[in-house]
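Report on one structure; see the data block that follows.
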Amino acid sequence: MGAFYRWQGEDLILFVRLQPRASRNEIIAEQNGRLKLRLTAPPVEGKVNIALRKFLAKTFGVANQQVTLETGDSHRDKRLRIRAPTCLVAGITRQTLKNILKFHIVATDIENRPEFFPVRVYK
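Numbering (our numbering), first residue to last: 79 to 201.
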């Protein structure tokens with residue numbers, strides 16, 4: 079696990095596969111070494127990239143300016159840099175010398191085990 083991200087100093091580098099014009103903004107899963115996201119914004123005039131930066135900034139507890147798009151401006155596959163995230167989604171951890179950064183669990187499955195991303199349980 080962890081192929082969809084790496085650490086570069088205090089910065090988190092995310093590899094994302096984006097689906098624009100979705101019914102809601104959400105993290106889906108890790109897929110083929112990328113974090114799959116759905117966003118409601120359309121892929122025109124950079125609107126989806128702005129929405130992506132805002133969504134990731136809120137998710138990782140940073141200002142919008144701390145999320146930069148490094149590659150993939152006009153593609154679904156993107157690489158983003160998140161400078162010094164204060165919250166981490168489950169599945170991304172960073173141990174420092176004195177403690178573990180604040181760890182935010184996005185969802186748990188039916189057996190209360192931490193999961194990587196929101197889990198839908200169908201009966």
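Backbone N, C-alpha and C define an ideal beta-carbon position, used for all residues, glycine too.
Practice problem: Answer yes or no: do Leu96 and Pro163 have a C-beta to C-beta separation smaller than 7 Å? | Solution: By 1-based counting over the sequence shown, the position of residue 96 is 18. By 1-based counting over the sequence shown, the position of residue 163 is 85. No; because the gap between Cβ atoms is not below 7 Å, this pair is not in contact.
Self-check item: Between the CA atoms of Pro121 and Thr146 - distance to the nearest angstrom
Solution: Along the sequence shown, read from residue 1 onward, the residue named residue 146 stands at position 68. Along the sequence shown, read from residue 1 onward, the residue named residue 121 stands at position 43. Approximately 17 Å, taken between the alpha carbons.
Quiz item: Going by beta carbon distance, what residues of the same chain come within less than 8 Å of Ala100, once the five residues before and after it are set aside?
Solution: To locate residue 100, count along the sequence shown from 1; it is residue 22. Its chain contains Arg116, Leu117 and Thr118 as the residues whose beta carbon lies nearer than 8 Å to that of Ala100, once the 5 sequence neighbours on both sides are disregarded; these appear in chain order.
Practice problem: Could you tell me which residues DSSP puts in a beta bridge with Arg157? | Solution: The residue given as residue 157 occupies position 79 in the sequence shown. The secondary-structure analysis by DSSP pairs Arg157 across a beta bridge with Phe93 and Thr149.
Quiz item: Ile188: buried (16+ other C-beta within 10 angstroms of its C-beta) or exposed?
Solution: What you label residue 188 is simply residue 110 of the sequence shown in a count that begins at 1. A caution first: Ile188 carries a pLDDT of 34, below 50, which makes its placement in the model unreliable, though a value can still be read off. With fewer than 16 Cβ atoms within 10 Å of its Cβ, Ile188 is classed as exposed.
Quiz item: For the putative contact between Gly113 and Phe82, defined by C-beta atoms under 8 Å, what is the C-beta separation to the nearest angstrom?
Solution: Numbered from its first residue, the sequence shown carries residue 113 at position 35. Numbered from its first residue, the sequence shown carries residue 82 at position 4. Reading off the sequence shown, one finds Leu at residue 113, where the question assumed Gly. About 4 Å separates the CB atoms of Leu113 and Phe82; that is less than 8 Å, so the two are in contact.
Self-check item: Asn127 to Gly87 span [Cα, whole Å]
Solution: On the sequence shown, residue 127 is found 49 positions in, with the first residue counted as 1. On the sequence shown, residue 87 is found 9 positions in, with the first residue counted as 1. For Asn127 and Gly87, the distance between alpha carbons rounds to 24 Å.
Quiz item: Which term fits Lys156, buried or exposed, when burial requires 16 or more other beta carbons within 10 angstroms of its beta carbon?
Solution: Sequence index remark: in the sequence shown, residue 156 carries index 78 (1-based). Its Cβ being crowded by 16 or more others within 10 Å, Lys156 is buried.
Quiz prompt | Member of Arg161, Gly150, Asn103 and Glu123 whose CA lies at the smallest distance from the CA of Pro140 | solution = Residue numbering aside, residue 140 sits at position 62 when the sequence shown is read from its first letter. According to the sequence provided, residue 140 is Val. The question's Pro does not apply to it. Comparing Cα positions, the closest option is Arg161.
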